[in-house]
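Asker:
Residue numbers (this note's numbering), protein chains in the order written: chain W, 99 to 393; chain L, 1408 to 1583.
1. Can a CB atom of chain W be found closer than 7 angstroms to the CB of residue 1523 of chain L?
2. If you compare alpha carbons, which of W:122, W:141, W:119, W:112 is closest to residue 267 of chain W?
3. Check for me: the alpha helix (DSSP H) holding residue 300 of chain W runs from which residue to which?
4. Thinking C-alpha only, which one of W:367, W:120, W:337 is nearest residue 304 of chain W?
5. At 3 residues or longer, and completely inside the segment 152-210 of chain W: list those beta strand (DSSP E) runs for me, N to C.
6. Quick one: Cα of residue 1589 of chain L to Cα of residue 1465 of chain L, how far?
7. Distance check for residue 297 of chain W and residue 339 of chain W, CA to CA, integer angstroms please.
8. Under 7 angstroms between the Cβ atoms of residue 1549 of chain L and residue 1440 of chain L?
9. Report the rounded CA-to-CA distance for residue 1577 of chain L versus residue 144 of chain W, giving the unit in angstroms.
10. Within this structure, are the beta carbons of residue 281 of chain W and residue 257 of chain W separated by less than 7 angstroms?
11. Does any C-beta atom of chain W lie closer than 7 angstroms to the C-beta of residue 1556 of chain L?
12. Using a C-beta cutoff of 7 angstroms, does residue 146 of chain W count as contacting chain L?
13. By DSSP's criteria, residue 364 of chain W is part of a beta bridge. Which residues make up the other side?
14. Any beta-carbon of chain L closer than 7 angstroms to the one on residue 164 of chain W?
15. Mind the definition here: the segment 313-320 of chain W touches the segment 277-294 of chain W only if three or more C-beta pairs lie below 8 angstroms; say whether that holds.
16. What's the C-alpha gap between residue 362 of chain W and residue 104 of chain W?
17. So with Cβ pairs under 7 angstroms, would you call residue 1437 of chain L a contact of chain W?
18. CA-CA distance, residue 351 of chain W and residue 230 of chain W?
19. Mind listing the chain W neighbours of residue 1535 of chain L? Cutoff is C-beta to C-beta under 9 angstroms, in chain order.
20. Determine the chain W residues that contact residue 1513 of chain L at a beta-carbon separation under 7 angstroms, and present them in chain order.
21. Cβ of residue 238 of chain W within 7 angstroms of Cβ of residue 259 of chain W?
22. How many whole angstroms separate the CB atoms of residue 249 of chain W and residue 370 of chain W, which I take to be in contact at a CB cut-off of 8 angstroms?
23. Quick one, which residues of the segment 1416-1433 of chain L are near chain W if we go by CB-CB under 9 angstroms, in chain order?
24. Less than 7 angstroms between the beta carbons of residue 1428 of chain L and residue 152 of chain W, yes or no?
25. Nearest-angstrom Cα distance between residue 1447 of chain L and residue 139 of chain W?
26. For residue 356 of chain W and residue 342 of chain W, what's the separation of their Cα atoms in angstroms?
27. Taking the straight line between their C-alpha atoms, what separation do you get for residue 1436 of chain L and residue 210 of chain W?
28. Under the three-state reduction of DSSP, which class applies to residue 1520 of chain L: helix, strand or coil?
29. Is residue 1422 of chain L near residue 146 of chain W, with beta carbons less than 7 angstroms apart?
30. Rounded to whole angstroms, what's the CA-CA distance from residue 344 of chain W to residue 286 of chain W? Just pull it up for me.
31. What does DSSP give as the partner residue(s) for residue 232 of chain W in the beta ladder?
32. According to the neighbour-count rule (16 or more other Cβ atoms, all chains shown, within 10 Å of its Cβ), is residue 246 of chain W buried or exposed?
33. Mind checking whether the beta-carbon of residue 1544 of chain L lies closer than 6 angstroms to any heavy atom of the ligand SAH?
34. At 9 angstroms on the CB atoms, spell out the chain L contacts of residue 261 of chain W, in chain order.
35. Could you check whether residue 1443 of chain L and residue 79 of chain W sit closer than 7 angstroms to each other, using their CB atoms as the reference points?
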């Protein structure tokens, strides 16, 4: 290719650059909506990606198994110590559960924000340039996944679904910098304290729980779970525990740093929570009309 | 047989990247290190310098577009960066000694340039607020080291793959 920047080529290049910049600004504006060609590409790449991710998950699974075998002795000793406690706790749980059911019947309450239909999914890819914290799952609208559903691991909440196609879904993790990403949360204690998970401190690697009533006393180590009041997430998904309580930038409400309970580094199997209680339009940010009436 | 080799390698690298992405971020003694696999673009740079620019541009545009649609959801970012990096590679490679070592160094230099460009872009649109120092230590160096390792292991394979095809290029038209 001698002299590839002749006049004609230069003009072509310029037109190309202008087109791309226009495309970038266009797709930056209305994210979340997927056009048909995008959907087709996502489907096709997703199918290819699942083929490649399966052996990879197998290999990492083998390494995980070896890793846990090495720790077996130590773990076993610890678990045996916990086992005695466990019997007592289990008896208490059964007791409380039956009592809860009886009480629910007594007041005639049928719907529960806690109940959800779990959809098992496998992570087929993680956004390889990790600027935006995103993962892609192998379940889509065909399996009942909808936008804004909560996604969690055994450890706790990891994110919510942002884009769905028939067989794949894109999940934005809670560790994102997106300012519009909110989760209604509450702090478990004698009185439940409500707030919003808004933002992530990348240096501390902790979530920010904002808009907590100033008069409320919070302790370090208190557990934070989803409140279910945002309209989409079920209630009671573990988010993390409080590590520090300060006052927010305006000095009007409190701000708490929350250490996430889930491990974000090696995600494999996750659960998408399809809430049984009717869902409210919104983004689980506690900003919908119904939510304001509720609280 | 050989005409399918480049697209197949591109496709495999494209699908392998996010799988290596699953291992990242690495947490070593309390601090996080983001290792971004850039296998495809490094291969395309090698394709540019040892084979031909036009094919590299085409594959860069195609896979950049796939990358944008599937992972980034900002269409036009990688589909611009990949061909642009190939163009710059072709321009600079004419001015330096043409061997494997110089090609590797050139590829790594362009990788740094691309990472910095991406950092500035995401800083601009507000998807990140990491200061430059954090970007350097937690992202650029780990990424550079990991990708240098990858090029060190596979660079000569790529080159020999392309160099053996070189003599046939003149005789067979539309090899790729």
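Heads up, the beta-carbon is just placed ideally off N, CA and C, and yes, glycines get one too.
Answerer: The short version:
1. False, the Cβ-Cβ gap to chain W never drops below 7 angstroms.
2. Distance check between residue 267 of chain W and each of W:122, W:141, W:119, W:112 places W:141 closest, using alpha-carbon atoms only.
3. Looking at the DSSP string, residue 300 of chain W is not in any alpha helix (DSSP H), and its letter there is neither H nor E.
4. Nearest C-alpha to residue 304 of chain W: W:337.
5. If we require 3 residues or more, the segment 152-210 of chain W turns out to have no beta strand (DSSP E) run fully inside it.
6. It is not possible to answer for residue 1589 of chain L, since the shown part of chain L is limited to 1408 through 1583.
7. Using only the alpha carbons, I get a separation of about 15 angstroms.
8. Yes. Within cutoff.
9. Summary for residue 1577 of chain L: the model assigns pLDDT 46, below 50, so the residue's position carries little reliability; its value from the coordinates is reported in the next sentence. Roughly 38 angstroms separates the two Cα atoms.
10. Their beta carbons are not under 7 angstroms apart, which means residue 281 of chain W does not touch residue 257 of chain W by this criterion.
11. Judged by the 7 angstroms Cβ criterion, residue 1556 of chain L is not in contact with chain W.
12. Yes, its Cβ sits closer than 7 angstroms to a Cβ of chain L.
13. In DSSP, residue 364 of chain W forms no bridge with anything.
14. Contact of residue 164 of chain W with chain L is not assigned, every C-beta pair being separated by 7 angstroms or more.
15. By the Cβ test, the segment 313-320 of chain W is in contact with the segment 277-294 of chain W, since at least three Cβ pairs between them sit closer than 8 angstroms.
16. Looking at the two C-alpha atoms, the distance is approximately 49 angstroms.
17. Chain W contact via Cβ: absent.
18. So the two alpha carbons sit approximately 29 angstroms from each other.
19. From the beta-carbon of residue 1535 of chain L, the residues of chain W found nearer than 9 angstroms are 229, 230, 275, 300.
20. Neighbours of residue 1513 of chain L on chain W: none; closest Cβ ~17 angstroms, over 7 angstroms.
21. Contact check for residue 238 of chain W against residue 259 of chain W fails: the beta carbons are separated by 7 angstroms or more.
22. Indeed, because the Cβ distance is near 5 angstroms, the residues count as touching under 8 angstroms.
23. Shown in chain order are the members of the segment 1416-1433 of chain L whose Cβ falls below 9 angstroms from a Cβ of chain W: 1418, 1419, 1421, 1422, 1423, 1424, 1425, 1426, 1427, 1428, 1429, 1430, 1431, 1432, 1433.
24. Not closer than 7 angstroms, so no.
25. Per the coordinates, the alpha-carbon of residue 1447 of chain L lies some 18 angstroms from the alpha-carbon of residue 139 of chain W.
26. Separation of residue 356 of chain W and residue 342 of chain W (C-alpha to C-alpha, rounded to the nearest whole angstrom) is 8 angstroms.
27. The straight-line gap from Cα to Cα measures roughly 43 angstroms.
28. The DSSP-derived three-state label of residue 1520 of chain L is helix.
29. Their beta carbons are under 7 angstroms apart, which means residue 1422 of chain L touches residue 146 of chain W by this criterion.
30. Those two C-alpha atoms are separated by around 18 angstroms.
31. Bridge partners of residue 232 of chain W: W:270.
32. Residue 246 of chain W is buried by the Cβ-count criterion.
33. The ligand SAH is absent from the structure shown, which contains no ligands of any kind.
34. Ordered by position in chain L, the residues that pass the 9 angstroms Cβ test against residue 261 of chain W are 1480.
35. Residue 79 of chain W falls outside the range modelled here, since chain W spans only 99 to 393, and no answer is possible.
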